[in-house]
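**Student:** One structure, as structure tokens, below. Some questions next.
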Amino acid sequence: MKFHIVTIFPDFFHGPVDYGIVRRAREAGLIDIHIHDLRAFTHDKHQTVDDRPFGGGEGMVLKPEPVFECVDKLGFAPRAERITGNARQSVVLLSAQGRRFDQKLAAELATLDEIVLICGRYEGVDERVNTALADREISIGDYVLSGGELGAAVILDTVSRLLPGALGNEASSQQESFTADNTPHEAPSAADSTCSSGGLLDYPHFTRPAEFRGIPIPEVLLSGDHEKIRRWRRRSALAKTLRNRPDLLGEATLGKEDRRLLDEIRYELQNDIGMAETPGRIVETPGIPFAKKP
Ligand code: SAM
């Protein structure tokens, strides 16, 4: 997949493209990243990319000409074809006013061949970039950043790790927070201690040492019993989602076992029994105690 980033700060991307999965995906030829310096598409001595807003008001606005010229040179399909999905390309304007970026949108973008990410600055970008050049306006959250570069880096990272071959283990992207699968969650037939997220938050992870600063890991994780571990993980994911992001439960793929576990968790919360459900505490499943000090 080819990424084009249009920015007035090309050096900003040294960090985001040079580490971890994005770097490995680049080196493996899964992604190709082109950073375009907007100032290279200006024609005046001062390489002016901004101007005052029509109608008055605060701040400056990114001019349309260099942005159009830069994107035109990439030879993308016409906007109408990109909007209908006939071209596997997209020109994205990063904007606080856009559709909110999430895992579902990331998965949609990961099916494309080529994408342009236009980073705004100042008070924003001339609106004609949005209405006549970009085919999507994407926000990375309900807050205002100083520029679109952080948003472009977020999209680049999230989409890259969804491309086949980007993660060492393909299954890991299926088990992560927010990742919806289409099958209602039920116990697997074969021994498997992992569970797909099904649109929930991920379950808690622990590594060695088994006890750190007096805090033991849940004993079940040392049991070697795949089915018990799977159940504990699923229950913890449900409890964490209920506590931190109850809005996700409506959309999540829940099976019979999940609904029973949720009823149990809700009952325990209402009656203030059993589990340590308060933020910052490890969720303990009743009947599955924390590991004891060796
Ligand atoms: N005046 C704009 C508004 O109130 O919506 C904010 C402009 S912001 C200071 C400058 C640039 O940062 C925007 O053009 C956009 O590219 C980027 N930006 C700001 N917040 C963003 C967000 N939540 N998601 C994506 N890009 C954002």
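Residue numbers in the sequence shown follow our numbering, run continuously in steps of one, and reach 300 at the last position.
In this text, a Cβ means the ideal position worked out from N, Cα and C, and glycines have one as well.
On a predicted model such as this, the values are computed, not experimentally measured, just so you know.
Using 8 Å as the threshold, is the region 95 to 104 in touch with the region 37 to 48, meaning 3 or more CB pairs across them?
**Tutor:** no
**Student:** Would you mind sorting Y209 into buried or exposed? The rule is 16 or more other CB atoms within 10 Å of its CB.
**Tutor:** Buried, since its Cβ has 16 or more Cβ neighbours within 10 Å.
**Student:** When every heavy atom of ligand 1 is checked, does at least one fall within less than 8 Å of the C-beta of G130?
**Tutor:** yes
**Student:** Assuming V165 contacts L115 (C-beta within less than 8 Å), just tell me the rounded distance between them.
**Tutor:** 5 Å
**Student:** Buried or exposed for N136, please, with buried defined as at least 16 other CB atoms from any protein chain shown within 10 angstroms of its CB.
**Tutor:** buried
**Student:** Using a 10 Å radius around the Cβ and a threshold of 16 neighbouring Cβ atoms, would you call S276 buried or exposed?
**Tutor:** Strictly speaking, residue 276 in this sequence is Gln, with Ser absent from that position. By the neighbour-count rule (16 or more Cβ atoms within 10 Å), Q276 is not buried but exposed.
**Student:** Among F60, T185, V73, which one has its Cα closest to the Cα of T54?
**Tutor:** V73
**Student:** Do C125 and F47 have their C-beta atoms closer together than 9 Å?
**Tutor:** The answer is no: Cβ separation not under 9 Å.
**Student:** Grouping DSSP H, G and I as helix and E and B as strand, with all else coil, what is L118?
**Tutor:** In the structure shown, L118 falls within a coil segment according to DSSP collapsed to helix, strand and coil.
**Student:** Among A245, L268, P224, I161, which residue has its Cα nearest to the Cα of H10?
**Tutor:** Comparing Cα-Cα distances from H10 to each of A245, L268, P224, I161, the minimum goes to I161.
**Student:** Opposite Q95 in the DSSP bridges: which residues?
**Tutor:** E120
**Student:** Go ahead and label G376 buried or exposed: buried means 16 or more other beta carbons lie within 10 angstroms of its beta carbon, across all protein chains shown.
**Tutor:** Look at the range of the chain in this structure, 7 to 300, and you will see that residue 376 is not part of it.
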